[in-house]
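Enquirer: Sharing a structure below in structure tokens format, with a few things to ask.
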Amino acid sequence: MSLDSIIDSSMAQRLIGAGILIAFLLISIVFLLVTKFLSRRLGSSKAHKLAAEIIKSISYSGALFFVVLGLLLALTALPDIDTKEWQNEYRKIATIAFLIIGARVLTNVLSVSISWYVLNVAPRTTSKFDDTILPIIRRFLSVAIYLIGGLIILDTLGISISPLLGGLGITGLAVALALQPTLSNFFSGAYVLSEGMISVGDYIELQG
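Per our numbering, the sequence shown starts with residue 3, numbered consecutively.
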């Protein structure tokens with residue numbers, strides 16, 4: 003039996019797929035260990051605390067990225083899924099998987115960065131605006147990132163998102179009109195905090 007026929011055999015292709023998967027599993031373990039080591043090493047220094055927190059926040063998502071990548075590459079080596087239909091499904095699965103991982107990484111990095119700023123930088127500023135607004139912005143950005151990722155996933159699956167976007171626009175307008183007094187109070191309070199006109203210990207005198 004020639005070498006080419008051995009390589010082209012179904013068993014050899016399955017072994018190659020298994021080898022690819024095992025290799026990427028090992029890469030994911032190494033990545034996880036390296037990121038944990040770096041986060042502990044950098045975390046011991048206050049100057050590199052943010053970098054340590056960011057590395058720690060992406061360690062598991064990065065390891066999952068290599069596992070998913072290895073699984074997808076291993077599937078391409080299998081002889082039973084070499085059809086054009088499977089290749090289209092494969093691209094959809096890969097896109098969805100990487101979108102989910104990317105959204106998680108982005109939200110983790112933003113959350114860690116904003117939390118670090120609120121804990122380490124905001125207390126040294128004279129204004130209380132960032133202490134109050136940044137946690138709200140963090141939650142809003144997390145929801146926005148996952149919402150955008152979900153819309154892209156729906157589009158990848160072939161589901162038209164144009165009606166959904168139109169519905170979200172109308173719904174958003176209705177909610178904004180319904181919450182107009184609440185939003186007005188919120189932005190007024192944010193302005194007061196940003197200007198520093200009122201602080202803890204101040205008295206408010208009312209007539210009548």
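Don't be surprised by glycine CBs; every beta carbon is placed ideally from N, CA and C.
All values derive from a computational prediction rather than experimental measurement.
Going by C-alpha distance, which of 50, 97, 70, 108 is nearest residue 144?
Expert: For this step, residue 144 is matched to residue 142 along the sequence shown. Measuring from the Cα of residue 144, the nearest candidate turns out to be 108.
Enquirer: In or out: residue 61 buried (at least 16 other Cβ within 10 Å) or exposed?
Expert: As a working mapping, residue 61 is identified with position 59 in the sequence shown. Residue 61 comes out buried.
Enquirer: Starting from the Cα of residue 140, find the closest Cα among 104, 115, 53 and give me that residue.
Expert: Here residue 140 is taken as the residue at index 138 of the sequence shown, counted from 1. For the residues 104, 115, 53, the minimum Cα distance to residue 140 belongs to 115.
Enquirer: At which residues does the alpha helix (DSSP H) containing residue 60 begin and terminate?
Expert: On the sequence shown, residue 60 is found 58 positions in, with the first residue counted as 1. Element bounds for residue 60: 51–78.
Enquirer: State yes or no: is the C-beta of residue 66 within less than 9 Å of the C-beta of residue 95?
Expert: For the purposes of this step, residue 66 is taken as residue 64 along the sequence shown, with counting starting at 1. For the purposes of this step, residue 95 is taken as residue 93 along the sequence shown, with counting starting at 1. Result no, Cβ atoms of residue 66 and residue 95 do not sit closer than 9 Å.
Enquirer: Chain C beta carbons: is any one of them nearer than 9 Å to that of residue 26?
Expert: The structure shown contains no chain C, having only a single protein chain.
Enquirer: Based on Cα-Cα distance, which residue from 24, 64, 19 lies nearest to residue 36?
Expert: For the purposes of this step, residue 36 is taken as residue 34 along the sequence shown, with counting starting at 1. Of 24, 64, 19, the residue nearest in Cα terms is 64.
Enquirer: Using 8 Å for Cβ pairs, my map puts residue 41 next to residue 58. What's the rounded Cβ distance?
Expert: Counted from its first residue, the sequence shown places residue 41 at position 39. Counted from its first residue, the sequence shown places residue 58 at position 56. The pair is a contact, with the Cβ atoms about 4 Å apart (cut-off 8 Å).
Enquirer: Should the stretch 17–29 be called in touch with the stretch 48–58, which here means at least 3 C-beta pairs below 8 Å?
Expert: With the cut-off at 8 Å, the stretch 17–29 and the stretch 48–58 do not touch.
Enquirer: Do residue 227 and residue 76 have their C-beta atoms within less than 9 Å of each other?
Expert: No answer is possible for residue 227: it lies beyond the span of the chain, which begins at 3 and ends at 210.
Enquirer: How should residue 206 be labelled, buried or exposed, when 16 other C-beta atoms within 10 angstroms of its C-beta is the threshold for buried?
Expert: To locate residue 206, count along the sequence shown from 1; it is residue 204. Under this definition residue 206 is an exposed residue.
Enquirer: Ignore the nearest five residues each way along the sequence and tell me which others in residue 124's own chain have a CB closer than 6 Å to its CB.
Expert: Within the sequence shown, the letter at position 122 stands for residue 124. 132, 133.
Enquirer: Once you ignore the five residues that flank residue 113 on each side, which residues in its own chain have a CB closer than 6 Å to its CB?
Expert: Looking up residue 113 in the sequence shown gives position 111. 140, listed in sequence order.
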